[in-house]
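Structure first, then comments.
Number of protein chains: 2
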Amino acid sequence: AKPMRETRKMVLVQEIMQRRVVTIKEDQDITDAAKKLLKGETNHLPVLNEEGRLTGVVTTFDIAKAVARPERKVKVQDVMTRNVITTLVDEPIDIAAQKMEHHRISALPVVDAQNQCIAILHASDLGKLFKPGGSRP
Amino acid sequence: AKPMRETRKMVLVQEIMQRRVVTIKEDQDITDAAKKLLKGETNHLPVLNEEGRLTGVVTTFDIAKAVARPERKVKVQDVMTRNVITTLVDEPIDIAAQKMEHHRISALPVVDAQNQCIAILHASDLGKLFKPGGSRP
Ligand SMILES: C[S@@+](CC[C@H](N)C(=O)[O-])C[C@H]1O[C@@H](n2cnc3c(N)ncnc32)[C@H](O)[C@@H]1O
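Just so you know, the protein sequences line up as chains Y and D, in that order. When you line the first sequence up against my numbering, it's residues 379 to 515, in that order. When you line the second sequence up against my numbering, it's residues 379 to 515, in that order.
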C-alpha cells in the first residue's frame with residue numbers, strides 16, 4: 379500500500395469543484411446579489427470587475443450585514459469582501475481544505491492564471507471524497 | 379497497512395466538531411438572531427425550544443430572505459428551517475461529510491439522544507482531517 383500522504387496528493391481541486399458558478403458584477407445592485415443568493419443555488423457569489431477578473435466575494439452574510447446597518451449601501455462593491463481566498467484547479471485538496479478550515483469559510487473561488495473565476499469549491503464538496511466508490515483522499 | 383475504509387472509520391464526528399456552539403430560542407426576535415450571526419462567529423444558529431431541544435436552524439440565508447420580503451416576520455420560528463439534518467458524536471465522519479455534500483449544507487448540529495444540541499460540525503472542519511499531523515481519514 380502507498381503511504382497515505384502520497385495517495386492523498388493525487389486528489390486535486392478540479393476533481394471535486396463545481397464548474398457551474400454563478401457570479402455577479404461589482405457595479406450591480408445589492409438587491410441583484412440578494413436575488414441570486416436567495417434562489418438558494420449558492421451561498422457564495424464571486425464578484426467580477428469589467429474585465430471579468432475576480433475582485434471579491436459576496437455571501438448572504440454580507441447581505442444580512444448590509445440590511446442590518448443604517449447607512450445606505452447599494453452596490454455589490456460596497457459590501458463584498460475584497461481579500462478573496464482562492465484556489466487553483468491543480469491545487470491539492472489538502473491545501474484547499476486547510477484554507478477553508480483556517481479562514482472559517484465555506485467556499486473558495488477557483489481561478490486561472492488571469493484571475494478569471496472558472497469554478498467554485500464548496501466545503502461541502504469535500505464530502506465527495508468520503509463517498510463509497512468516489513475519489514478518495 | 380490497514381485498508382483505507384477501516385482506517386477512515388476510526389474518525390468520528392466528536393474528533394473534529396466544535397463544542398462551543400452559539401444557539402438561539404425559537405421565540406426570540408429575528409434581530410437577535412441577526413446580531414449573533416453578524417458577529418461572524420458562525421453562519422449556523424441551532425434553534426432550541428423551551429425544553430432545550432433542537433427544533434430548527436437559522437442561517438444568514440434565512441435572515442437575508444426575511445428582510446428581502448415584504449411580509450413582516452419577527453420571530454426566529456417564522457424563518458427557521460425545521461427539517462434539520464443532524465449528526466451524532468459517534469457518527470463516522472464519512473457519513474456526516476456525505477450528508478453535507480448530499481444536502482449541500484455547510485454545517486450539522488450534533489445532537490444527543492434527547493435531541494439536545496451539544497456541538498456543531500462545520501464543513502470547513504473537515505479541513506482538519508487534511509492537516510499534516512492531524513487526525514486523518
Ligand atoms: C466569516 S464567514 C462566515 C460565514 C460562512 N462560513 C461563509 O463562508 O460565508 C463570512 C464572511 O466571509 C467572507 N468570505 C466567504 N468566502 C470567502 C473567501 N473565499 N475569501 C474571502 N472571504 C470570504 C464573506 O464575504 C463574509 O463576509
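From the three backbone atoms N, C-alpha and C, an ideal C-beta is built for every residue, glycine too.
- Residue 440(Y) sits buried, since 16 or more C-beta atoms from the chains shown fall within 10 Å of its C-beta.
- Taking the Cα positions, residue 401(Y) is about 42 Å away from residue 492(D).
- Contact between the region 474-485 of chain D and the region 500-510 of chain Y is present, with at least three C-beta pairs closer than 8 Å.
- Of all alpha-carbon atoms in 452(Y), 388(Y), 486(Y), 422(Y), the one lying nearest the alpha-carbon of residue 438(D) is that of 422(Y).
- At least one beta carbon of chain Y lies nearer than 7 Å to the beta carbon of residue 438(D).
- Restricting attention to 449(D), 473(D), 476(D), 456(D), the CA atom closest to the CA of residue 404(D) is found in 456(D).
- Taking non-hydrogen atoms of ligand 1 into account, the C-beta of residue 435(Y) is found less than 6 Å away from one of them.
- Between the region 457-473 of chain D and the region 387-397 of chain D, the count of C-beta pairs closer than 8 Å reaches three or more; the two stretches touch.
- The DSSP-derived three-state label of residue 505(Y) is helix.
- Taking 9 Å as the upper bound on Cβ-Cβ separation, chain D lies near residues 470, 471, 472, 473, 474, 475, 476, 477, 478, 479, 480, 481, 482 of the region 453-482 of chain Y.
- Closer than 7 Å to the CB of residue 505(Y) there is at least one CB belonging to chain D.
- The DSSP-derived three-state label of residue 456(Y) is helix.
- Residues of chain D with a Cβ closer than 7 Å to the Cβ of residue 441(Y) are, in chain order, 442.
- By the neighbour-count criterion, in which 16 or more other beta carbons inside 10 Å mark a residue as buried, residue 388(D) falls on the exposed side.
- What residue 501(Y) touches in chain D, judged by beta-carbon distance under 8 Å, is 478, 484, 500, 501, 502, 504, 505, going in chain order.
- The beta carbon of residue 414(D) is closer than 7 Å to those of 400, 402, 423 in its chain, skipping five residues each way along the sequence.
- Bounds of any beta strand (DSSP E) do not take in residue 463(Y), whose DSSP letter is neither H nor E.
- Neighbours of residue 403(D) in chain Y, taken as residues at a C-beta separation under 7 Å, are lacking, since the least C-beta distance is about 19 Å.
- Not flagged as an interface residue toward chain Y: residue 423(D), since no C-beta distance is shorter than 7 Å.
- By alpha-carbon distance to residue 410(D), the top candidate from 461(D), 495(D), 498(D), 454(D) is 454(D).
- For residue 496(Y), no alpha helix (DSSP H) run applies; the uninterrupted beta strand (DSSP E) run containing it begins and ends at 495-500, by DSSP.
- In the DSSP assignment, residue 396(Y) forms a beta bridge with 498(Y).
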